[in-house]
Amino acid sequence: MMTEARYIQVKNYLLKGIREHLWVEGQRIASENQLVKTCSVSRMTARRAVKELTAEGVLISRQGQGTFVASAKSRSSVMTLRNIADEIHERDNIHHCKILNLEALNLKNSSNSLLKTEFGSNFLNNNEQRVFFSRIIHFENDQPIQLEERFVNPELAENYLEQDFLKFTPNEYLMKVCPVSEAEHKVEAVMPSLQQSNWLSITTGQPCLKISRTTYSDDKVASFALLYHPGDRFQLGNHIKIKEE
């Protein structure tokens, strides 16, 4: 019989505490040090459990204050924000990536057409009037599985451009420096451009799945990402547990 991973034990401990009203909506949960002592785990294990529950919308992190139980509404409406590298590793495959762009763009003067279309307004309140931009191809073994185009708020991730995203993903980094408090998703089938088709190694005219994701941290837009996946090599799923009233 396989032993349950320690971080999952910590997650279950926290979920049980929430179900049994040890911690109620809006209440601060046990600190990382308390979880280490109570669950007899390392700080890294406790941190991973809290980070995953935050990504799943069960908890909400507030900088300088701690981690709190999220509202029932946010828990039921937020889709799990998975790290593409973790998903690939869970399938016993190898993740690697290719960085195409990693730069700062001027919100007013940039020639990047993406800033002038559906989501440029997300960053118009940025005091610096600039945004960080990355474009990365993620591979599962040797096949491209995701084209990630991401715009990041410099106010919340000032060292974004200095990171080595060959070693970890933007998702993983941003979850550490500006934990998600809210997220919006839009999923649609689209026809990719010729360049996008080349990046994803799909034939011209083949549709792909596009996920548009806006994440917020402490009521500020943290990032906006466009995630393109080959339609024949990717499927999107989610597990929803219905709570009986």
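When you line the sequence shown up against our numbering, it's residues 197 to 441, in that order. Even for Gly, the Cβ is constructed at its ideal location relative to N, Cα and C.
Exercise. How far does the beta strand (DSSP E) with residue 330 in it reach, from first residue to last?
Worked result: The residue labelled residue 330 in the question sits at position 134 within the sequence shown. Element bounds for residue 330: 326-336.
Exercise. Can you tell me where the beta strand (DSSP E) with residue 218 in it begins and where it stops?
Worked result: In the sequence shown, counting from the first residue as 1, residue 218 sits at position 22. Premise fails: residue 218 is in no beta strand (DSSP E) and is neither H nor E.
For this session: Quick one: measure Cβ to Cβ for residue 327 and residue 352, integer angstroms, because I've assumed they're closer than 8 Å.
Result: To locate residue 327, count along the sequence shown from 1; it is residue 131. To locate residue 352, count along the sequence shown from 1; it is residue 156. Residue 327 to residue 352, Cβ: 11 Å. No contact.
Exercise. Less than 8 Å separating the beta-carbons of residue 280 and residue 367?
Worked result: Stepping through the sequence shown from its first residue, residue 280 is reached at position 84. Stepping through the sequence shown from its first residue, residue 367 is reached at position 171. Taking 8 Å as the Cβ cut-off, residue 280 and residue 367 qualify as a contacting pair.
For this session: In angstroms with no decimal places, state the Cα-to-Cα distance between residue 401 and residue 261.
Result: Stepping through the sequence shown from its first residue, residue 401 is reached at position 205. Stepping through the sequence shown from its first residue, residue 261 is reached at position 65. The alpha-carbon atoms of residue 401 and residue 261 are separated by roughly 50 Å.
Problem set entry | Alpha carbon of residue 386 to alpha carbon of residue 421, nearest angstrom | Walking along the sequence shown from the start, residue 386 turns up at place 190. Walking along the sequence shown from the start, residue 421 turns up at place 225. So the two alpha carbons sit approximately 16 Å from each other.
Exercise. If you draw a straight line from the alpha carbon of residue 264 to that of residue 370, how long is it in whole angstroms?
Worked result: Along the sequence shown, read from residue 1 onward, the residue named residue 264 stands at position 68. Along the sequence shown, read from residue 1 onward, the residue named residue 370 stands at position 174. Cα-Cα distance, rounded: 19 Å.
Exercise. Among the residues of its own chain, which have a CB less than 6 Å from the CB of residue 212, if the five just before and after it don't count?
Worked result: The sequence position of residue 212 within the sequence shown is 16, counting from 1. Contacts found: none.
Problem set entry | With 16 other Cβ atoms within 10 Å as the buried cut-off, status of residue 346 | Position 150 of the sequence shown holds residue 346. Looking at its Cβ environment, which holds 16 or more other Cβ atoms inside 10 Å, residue 346 is buried.
For this session: Might you give, ordered along the chain, the residues of its own chain that have their beta carbon closer than 6 Å to the beta carbon of residue 250, omitting 5 neighbours on each side?
Result: Numbered from its first residue, the sequence shown carries residue 250 at position 54. Counting only Cβ-Cβ distances below 6 Å, and skipping sequence neighbours, we find 257 and 375.
For this session: Alpha carbon to alpha carbon, how far is residue 255 from residue 214? Give it in angstroms, no decimals.
Result: To locate residue 214, count along the sequence shown from 1; it is residue 18. To locate residue 255, count along the sequence shown from 1; it is residue 59. Taking the straight line joining both Cα atoms gives about 10 Å.
Problem set entry | Start and end residues, beta strand (DSSP E) containing residue 287 | Mapped onto the sequence shown, residue 287 falls at position 91. No beta strand (DSSP E) contains residue 287, which DSSP labels as neither H nor E.
Problem set entry | Residue range of the unbroken alpha helix (DSSP H) whose run includes residue 235 | In the sequence shown, the residue the question calls residue 235 occupies position 39. Note, residue 235: alpha helix (DSSP H), 228-235.
Exercise. When you compare each of 350, 296 and 227 to residue 396 by their alpha carbons, which one comes out closest?
Worked result: In the sequence shown, the residue the question calls residue 396 occupies position 200. For residue 396, the nearest C-alpha among the options comes from 296.
Exercise. Sorted by chain position, which residues of the same chain lie with C-beta nearer than 7 Å to residue 247's C-beta, five sequence neighbours on each side aside?
Worked result: Numbered from 1 along the sequence shown, position 51 holds the residue referred to as residue 247. The residues are 371.
For this session: Quick one: which unbroken alpha helix (DSSP H) runs of 4-plus residues sit fully inside the region 327-405? Chain order, please.
Result: 366-373 and 390-396
Exercise. Where does residue 332 land, buried or exposed, given buried means 16+ other C-beta within 10 angstroms?
Worked result: To locate residue 332, count along the sequence shown from 1; it is residue 136. Per the 10 Å Cβ criterion, buried.
For this session: Would you mind stating whether residue 392 and residue 424 have Cβ atoms separated by less than 8 Å?
Result: Along the sequence shown, read from residue 1 onward, the residue named residue 392 stands at position 196. Along the sequence shown, read from residue 1 onward, the residue named residue 424 stands at position 228. Yes, they are a contact pair.
Exercise. In terms of alpha-carbon separation, which member of 418, 334 and 228 lies closest to residue 363?
Worked result: Within the sequence shown, the letter at position 167 stands for residue 363. That would be 334, whose Cα lies nearest to the Cα of residue 363.
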